[in-house]
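Input: a single structure, listed below in C-alpha cells.
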Amino acid sequence: MSGQKKESLVERTQAELEVGRAQDLRRTALDEEGRSHAQARRGLPEHEQPLVVVVSSVLPTPSFASSRTCSLPYPPQQTPFMSEIRRKLVIVGDGACGKTCLLIVFSKGTFPEVYVPTVFENYVADVEVDGKHVELALWDTAGQEDYDRLRPLSYPDSHVILICFAVDSPDSLDNVQEKWISEVMHFCAGLPIILVGCKKDLRRDPRVIEELRKTSQRPVTPEEGMAVAQKIGAKHYLECSAKSGEGVREVFQYATRAALLSRPKGGKKHSHCIVL
Numbered sequence: 001m002s003g004q005k006k007e008s009l010v011e012r013t014q015a016e017l018e019v020g021r022a023q024d025l026r027r028t029a030l031d032e033e034g035r036s037h038a039q040a041r042r043g044l045p046e047h048e049q050p051l052v053v054v055v056s057s058v059l060p061t062p063s064f065a066s067s068r069t070c071s072l073p074y075p076p077q078q079t080p081f082m083s084e085i086r087r088k089l090v091i092v093g094d095g096a097c098g099k100t101c102l103l104i105v106f107s108k109g110t111f112p113e114v115y116v117p118t119v120f121e122n123y124v125a126d127v128e129v130d131g132k133h134v135e136l137a138l139w140d141t142a143g144q145e146d147y148d149r150l151r152p153l154s155y156p157d158s159h160v161i162l163i164c165f166a167v168d169s170p171d172s173l174d175n176v177q178e179k180w181i182s183e184v185m186h187f188c189a190g191l192p193i194i195l196v197g198c199k200k201d202l203r204r205d206p207r208v209i210e211e212l213r214k215t216s217q218r219p220v221t222p223e224e225g226m227a228v229a230q231k232i233g234a235k236h237y238l239e240c241s242a243k244s245g246e247g248v249r250e251v252f253q254y255a256t257r258a259a260l261l262s263r264p265k266g267g268k269k270h271s272h273c274i275v276l
C-alpha cells in the first residue's frame, strides 16, 4: 500500500473514531437531562420526528462482510410512522457484553468494526411480527458502574427488558443473577424479561478458550444460560452473534411478541419507579 493510501486510511479511521466519541458525549448529556421517552412518540413537529428503521420479519437476515475495515452506513431514511402499536424495549447487561453491537446490527444491518460507542442512539424500529406492525423503541444502556445513577432513567414506560451477557465471559452471566435481575425487578417488576447470550460465535474460539482456561473458566454453555434464565424467571433464553448476524432478528421478534402482551411500567409513578 502506498504512503498516500495509508495516510488516507488513517485519516478516515480517525474521523470515524471522533464521530463515535461525539455520539457518546451527546448521549451522556441527554441522559443527564433525563430525556423523555416522548421523543420516540407521535406528536413531535415533523422536523423533530425520530428516525424509523423498517425491519420486516419477512426480510432475509443481512449478510455480513468479513472485512476488518467495515464501517457504519449512512443513517437510514426518515419515514413517517406506520403503526398505532408502540412498544419500548430496554437492553441491559455488563459493559462490553455485546448489547450495543446487537442493536446496531439489528437496526443498521452492519457490524461496527472500527468503533463501538458506549451506548447506541435511541431508535424507533418499525417491526412486523405475526402480521402486526409495531413501533419498537430501542433503548440502549451503559453497564459500567459509572452509569448506575443514569441508567434508571431509561426504564419508565418500558414493555420488555433484554438482559444480556457474553458467552465468552462467565462473569457476565454471574452478574445477571447478582446485579441485573435485582435492578430490573426493582424498576420494572412484572415486565417480561428475555435473557440473551451474545457473542455465541466465540464459544469455540481457540483463543477465547485458552484465555479462559488460565483462570479455570470456560465459555458459557447453552445449558448454563438456560438454567439462569429459568432461575430469574425469564420468558425466553436466546443466543445470537452480532458478528455473524445469527439469531439477531429472532431476538427482536421474540421481544416484540412479549412486549405486545405486557403493560408499561413507570408511567404512573408506582413504588418501583425511578427515584434518584
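Position 22 of the sequence shown, counted from 1, bears residue number 22 in full-length UniProt numbering, the numbering being contiguous throughout. All C-beta atoms, glycine included, are put in the ideal place defined by N, C-alpha and C.
Sufficient close CB pairs (3 or more, under 8 Å) joining the segment 163-183 to the segment 192-203:
They touch, by the three-pair rule.
Continuous alpha helix (DSSP H) assignments of at least 4 residues falling wholly in the segment 95-173:
Runs of the alpha helix (DSSP H) inside the segment 95-173: 99-108.
May I ask you to report which of helix, strand or coil DSSP gives A38?
As a position in the sequence shown, residue 38 is number 38, starting the count at 1. At A38, the pLDDT of 39 sits below 50, so the modelled position is not reliable; the number obtained from the coordinates is stated separately. Looking at A38 - three-state DSSP - the assignment turns out to be helix.
Count the other CB atoms, across all protein chains shown, that sit within 10 Å of the CB of T221; report buried if there are 16 or more and exposed otherwise.
Here residue 221 corresponds to residue number 221 of the sequence shown, with the count starting at 1. Counting the other CB atoms within 10 Å of its CB gives T221 a total below 16, which places it among the exposed residues.
For the alpha helix (DSSP H) containing G225, list its first residue and its last residue.
As a first step, residue 225 must be located in the sequence shown, where it is residue number 225. Here the alpha helix (DSSP H) through G225 covers P222 to I232.
For K179 and A255, what's the separation of their Cα atoms in angstroms?
Taking the sequence shown and counting its residues from 1, one reaches residue 179 at position 179. Taking the sequence shown and counting its residues from 1, one reaches residue 255 at position 255. If you draw a straight line from the Cα of K179 to the Cα of A255, it is about 21 Å long.
K88 by DSSP, collapsed to three states: which one?
Taking the first residue of the sequence shown as 1, we reach residue 88 at position 88. Strand at K88.
If you follow the beta strand (DSSP E) that L212 is in, where does it begin and where does it stop?
Residue numbering aside, residue 212 sits at position 212 when the sequence shown is read from its first letter. Where L212 is concerned, there is no enclosing beta strand (DSSP E), although the alpha helix (DSSP H) it sits in stretches over P206 to R213.
Which class does L238 belong to by DSSP, given the choice of helix, strand or coil?
For the purposes of this step, residue 238 is taken as the residue at position 238 of the sequence shown. Three-state result, L238: strand.
Quick check: what's the CA-CA separation for P264 versus R207?
Locating residue 264 in the sequence shown gives position 264, counting from the first residue. Locating residue 207 in the sequence shown gives position 207, counting from the first residue. Roughly 42 Å between the two C-alpha positions.
Identify, in the order they occur along the chain, each residue of the same chain with its Cβ nearer than 6 Å to the Cβ of F252, setting aside the five sequence neighbours on each side.
Walking along the sequence shown from the start, residue 252 turns up at place 252. Only F106 meet the Cβ criterion.
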